[in-house]
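Notes to accompany the following structure.
There are 2 protein chains.
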Amino acid sequence: MATMTDAGTEPLFRLLSRYMALDHADRVALSALETGPIRRLNARNDIAREGENPSVVRLLVSGWACRYKDLPDGRRQIVGFFLPGDFCDLNVYILQELDHSIGALTSVQFYEIQPEQFQEVIDQRPNLIRALLWHEMVSSGIQRQWLLSIGQRSALERLAHLFVELYYRLQAVGLATGLTFELPITQNHLAEANGLSPVHLNRTLQEMRREGLIELSDRQLKIVDLKHLKKVAMFNSNYLHFNRT
Amino acid sequence: MATMTDAGTEPLFRLLSRYMALDHADRVALSALETGPIRRLNARNDIAREGENPSVVRLLVSGWACRYKDLPDGRRQIVGFFLPGDFCDLNVYILQELDHSIGALTSVQFYEIQPEQFQEVIDQRPNLIRALLWHEMVSSGIQRQWLLSIGQRSALERLAHLFVELYYRLQAVGLATGLTFELPITQNHLAEANGLSPVHLNRTLQEMRREGLIELSDRQLKIVDLKHLKKVAMFNSNYLHFNRT
DNA sequence: CCAGAATGATGATTTGGGTTAGTGTCCCTT
DNA sequence: AAGGGACACTAACCCAAATCATCATTCTGG
Numbered sequence: 001m002a003t004m005t006d007a008g009t010e011p012l013f014r015l016l017s018r019y020m021a022l023d024h025a026d027r028v029a030l031s032a033l034e035t036g037p038i039r040r041l042n043a044r045n046d047i048a049r050e051g052e053n054p055s056v057v058r059l060l061v062s063g064w065a066c067r068y069k070d071l072p073d074g075r076r077q078i079v080g081f082f083l084p085g086d087f088c089d090l091n092v093y094i095l096q097e098l099d100h101s102i103g104a105l106t107s108v109q110f111y112e113i114q115p116e117q118f119q120e121v122i123d124q125r126p127n128l129i130r131a132l133l134w135h136e137m138v139s140s141g142i143q144r145q146w147l148l149s150i151g152q153r154s155a156l157e158r159l160a161h162l163f164v165e166l167y168y169r170l171q172a173v174g175l176a177t178g179l180t181f182e183l184p185i186t187q188n189h190l191a192e193a194n195g196l197s198p199v200h201l202n203r204t205l206q207e208m209r210r211e212g213l214i215e216l217s218d219r220q221l222k223i224v225d226l227k228h229l230k231k232v233a234m235f236n237s238n239y240l241h242f243n244r245t
Numbered sequence: 246m247a248t249m250t251d252a253g254t255e256p257l258f259r260l261l262s263r264y265m266a267l268d269h270a271d272r273v274a275l276s277a278l279e280t281g282p283i284r285r286l287n288a289r290n291d292i293a294r295e296g297e298n299p300s301v302v303r304l305l306v307s308g309w310a311c312r313y314k315d316l317p318d319g320r321r322q323i324v325g326f327f328l329p330g331d332f333c334d335l336n337v338y339i340l341q342e343l344d345h346s347i348g349a350l351t352s353v354q355f356y357e358i359q360p361e362q363f364q365e366v367i368d369q370r371p372n373l374i375r376a377l378l379w380h381e382m383v384s385s386g387i388q389r390q391w392l393l394s395i396g397q398r399s400a401l402e403r404l405a406h407l408f409v410e411l412y413y414r415l416q417a418v419g420l421a422t423g424l425t426f427e428l429p430i431t432q433n434h435l436a437e438a439n440g441l442s443p444v445h446l447n448r449t450l451q452e453m454r455r456e457g458l459i460e461l462s463d464r465q466l467k468i469v470d471l472k473h474l475k476k477v478a479m480f481n482s483n484y485l486h487f488n489r490t
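Residue numbers (our numbering), protein chains in the order written: chain H, 1 to 245; chain G, 246 to 490.
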């Protein structure tokens with residue numbers, strides 16, 4: 001499809017700036033990650049498979065990807081979304097074998113960064129390593145929030161919560177305009193992320209439209225009533241830790 | 246009730262040894278964490294509350310605790326169990342405000358370790374910091390596995406999976422004898438961890454007994470047919486990363 | 001030592017969400 | 001231009017798990 005504008009490491013820089021004040025030198029250091037070749041992959045392809053031992057760190061530049069796990073009989077659970085500016089597998093530093101897969105949900109562009117190169121960048125900017133660790137902790141907090149959602153929230157509450165979360169995350173990387181953002185994934189993906197059947201996800205979406213919470217068409221999601229949506233979702237933004245120190 | 250034997254840092258050492266070969270010097274370094282006073286707390290009390298900013302690292306020595314999140318209307322989801330040898334909040338190094346609570350499920354004993362003291366110990370043993378990071382990654386992998394369970398597995402599969410996971414984890418810290426281990430928590434806790442109602446959890450437990458998968462009484466869980474249990478749970482141990490490098 | 005919680009166990013009934021089985025529409029691809 | 005996927009959407013029916021209610025123990029705190 002039409003190549004999206006290549007935002008480079010800009011989304012990442014914006015994201016990390018939500019956690020702590022970064023300066024120009026940090027910005028420059030980050031952009032050093034852009035030197036490698038950019039990789040592209042189409043939707044419905046895997047970036048990495050469970051069991052593999054990736055040797056590179058991947059930085060998503062455009063498009064959406066996800067972490068997912070599947071069962072032998074085909075059931076699949078998306079356990080997290082990767083948005084532009086996210087690293088897919090920072091844990092490659094510690095663990096060797098992936099216990100989950102990483103899939104492209106849309107066509108994606110990403111950098112494959114060699115560990116040495118990555119090391120070099122963070123070694124020179126202690127602030128960056130702190131911000132990156134912070135982001136990893138936030139990812140872990142998002143997982144906990146999803147567990148709460150899937151374990152306790154109803155379908156409507158779950159979906160409402162996810163939309164608010166995506167809104168905040170996309171806003172942090174500059175991908176929301178007002179209360180509208182692009183939601184380039186399918187209803188099937190949303191169902192897999194929320195532990196719901198595609199049929200029921202569609203029903204829930206209709207309900208949200210009927211209730212005047214959102215508008216969704218042509219992959220554009222518009223939050224019509226943020227306050228109400230947050231109330232339905234019982235949304236508390238503390239877990240995103242978007243508060244600079 | 247009767248105070249359990251104080252195992253000190255032994256469970257932690259055993260646990261970390263599952264990830265990488267540790268030597269006597271590592272063992273000695275870890276035991277330096279035992280110098281502080283030991284804290285005790287009864288079941289149904291919180292060790293830390295969401296919103297707090299803990300200033301110490303807590304190492305659980307005996308008893309079970311959990312990480313949980315709750316909703317304004319009282320619904321509660323346990324997002325992870327802490328077993329003896331687990332650190333409750335290593336992330337205190339990075340984030341400031343807790344986005345979840347930590348509760349004692351049984352009476353517990355734990356050390357409260359000052360960050361400086363902790364730092365001192367790991368600074369002298371690079372192997373330890375690596376093993377601890379590894380364990381954090383494994384915790385994160387367990388969260389993903391739970392997400393898969395709650396999102397996709399049936400009640401029976403979920404519970405079977407949890408029991409196998411607990412068996413492996415308890416075995417790693419020396420708390421399983423053969424295929425039997427102490428399960429000191431209530432059915433209510435199991436329900437909250439699995440996103441099920443207490444009633445249905447009880448029924449599922451009955452079913453597991455009927456099927457000859459487990460025996461459970463007086464807080465002792467005996468896995469009668471591990472192979473079958475793993476099959477029912479579609480259990481794949483890769484996410485525990487119990488493979489030394 | 002007693003009253004009131006917890007805790008485990010079951011039956012009866014209800015419901016949120018799953019399953020099955022379609023429809024129509026837009027792409028791609030060849 | 002035709003055939004085949006994806007994808008969004010819907011209706012009818014079904015079922016796994018929630019709710020509500022009750023009862024017997026066993027803790028446990030005052």
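Quick reminder that beta carbons are idealized off the backbone N, C-alpha and C, glycines included.
Please read all numbers here as calculations on a predicted model, not as lab measurements.
Beta carbon of residue 248 of chain H nearer than 8 Å to that of residue 186 of chain H
This structure cannot speak to residue 248 of chain H, because chain H is shown only from 1 to 245.
What would DSSP say about residue 157 of chain H, mapped onto helix, strand or coil?
helix
Thinking C-alpha only, which one of G:482, G:463, G:484 and G:454 is nearest residue 470 of chain G?
G:454
In the DSSP assignment, find the unbroken alpha helix (DSSP H) run with residue 215 of chain H in it and report its ends.
Where residue 215 of chain H is concerned, there is no enclosing alpha helix (DSSP H), although the beta strand (DSSP E) it sits in stretches over 214-217.
Give me the residue from G:255, G:287 and G:278 with the minimum Cα distance to residue 429 of chain G.
G:287
At the 8 Å Cβ level, is residue 3 of chain H part of the contact set with chain G, yes or no?
In this prediction, residue 3 of chain H scores a pLDDT of 34, lower than 50, which makes its location untrustworthy; the coordinate-derived value is nonetheless stated afterwards. Taking Cβ atoms only, chain G never reaches closer than 8 Å to residue 3 of chain H, which makes this a no.
Would you say residue 289 of chain G lies against chain H (beta-carbon separation less than 8 Å)?
no
Closer than 7 Å at the beta carbon, the chain H residues around residue 297 of chain G:
In chain order: nothing, as chain H lies at least about 11 Å away.
Could you tell me which whole beta strand (DSSP E) segments of length 3 or greater appear in the segment 159-224 of chain H?
180-182, 214-217 and 220-223
Please list, in chain order, the residues of the segment 119-143 of chain H that have any C-beta partner in chain G closer than 9 Å.
130, 133, 134, 136, 137, 138, 139, 140, 141 and 143
Identify the contact partners of residue 342 of chain G in chain H, using a Cβ-Cβ distance below 9 Å as the criterion.
238, 241 and 243
Alpha-carbon spacing of residue 320 of chain G relative to residue 337 of chain G, whole angstroms
26 Å
Hey, out of G:376, G:270 and G:388, whose CA is closest to residue 311 of chain G's CA?
G:388
Where does residue 389 of chain G sit, in a helix, a strand or coil, going by DSSP?
helix
Can residue 64 of chain H and residue 9 of chain H be called in contact, C-beta distance under 8 Å?
no
Give the residues of chain G in contact with residue 164 of chain H, contact being defined as C-beta atoms less than 8 Å apart.
Under the 8 Å cutoff, chain G gives no residues; its nearest Cβ is about 14 Å from residue 164 of chain H.
Which one of H:194, H:28 and H:137 has the shortest CA to CA distance from residue 159 of chain H?
H:194
Looking only at its chain, what residues have a beta carbon closer than 6 Å to the beta carbon of residue 31 of chain H, apart from the 5 residues adjacent to it on each side?
9
Just to confirm the assignment: which complete beta strand (DSSP E) runs, minimum length 3, are found wholly within the segment 24-61 of chain H?
38-41 and 46-48
In angstroms with no decimal places, state the Cα-to-Cα distance between residue 260 of chain G and residue 330 of chain G.
7 Å
Proximity to residue 400 of chain G [Cα-Cα], best of G:479, G:357, G:369 and G:485:
G:479
Say whether the segment 357-376 of chain G touches the segment 108-128 of chain H, bearing in mind that this needs 3 or more beta-carbon pairs closer than 8 Å, one atom from each stretch.
no
Give a yes or no on whether 8 Å exceeds the smallest Cβ distance from residue 91 of chain H to chain G.
yes
For residue 323 of chain G, which of helix, strand or coil comes out of DSSP?
strand
Check whether the segment 291-305 of chain G touches the segment 345-365 of chain G, counting contact only when three or more Cβ pairs, one atom from each stretch, lie closer than 8 Å.
yes
Contact residues within the segment 177-199 of chain H, judged by C-beta distance below 7 Å to chain G
195
Rounded to the nearest angstrom, what separates residue 417 of chain G and residue 215 of chain H at their Cα positions?
50 Å
At a Cβ cut of 8 Å, what residues of the segment 214-238 of chain H count as close to chain G, listed as they run along the chain?
234 and 238
Residue-level contact to chain G via CB, residue 148 of chain H, 8 Å cutoff:
yes
Please name the residue, chosen from G:357, G:407 and G:307, that lies closest to residue 300 of chain G on a Cα-to-Cα basis.
G:357
Taking all protein chains shown into account, decide if residue 28 of chain H is buried (16 or more other Cβ within 10 angstroms of its Cβ) or exposed.
exposed
Could you tell me the alpha carbon to alpha carbon distance between residue 427 of chain G and residue 192 of chain H, rounded to whole angstroms?
35 Å
Output the distance between the C-alpha atoms of residue 518 of chain G and residue 315 of chain G, rounded to the nearest integer angstrom.
In this structure chain G extends from 246 to 490, so residue 518 of chain G is not present and cannot be described.
Buried or exposed by the 16-neighbour rule on C-beta atoms within 10 Å, applied to residue 396 of chain G:
buried
Any idea if residue 240 of chain G is buried or exposed, counting beta-carbon neighbours within 10 angstroms, 16 or more meaning buried?
Lying outside 246 to 490, the shown extent of chain G, residue 240 of chain G is not represented and no answer is given.
Quick check on the DSSP output: the beta strand (DSSP E) that includes residue 101 of chain H runs from which residue to which?
101-104
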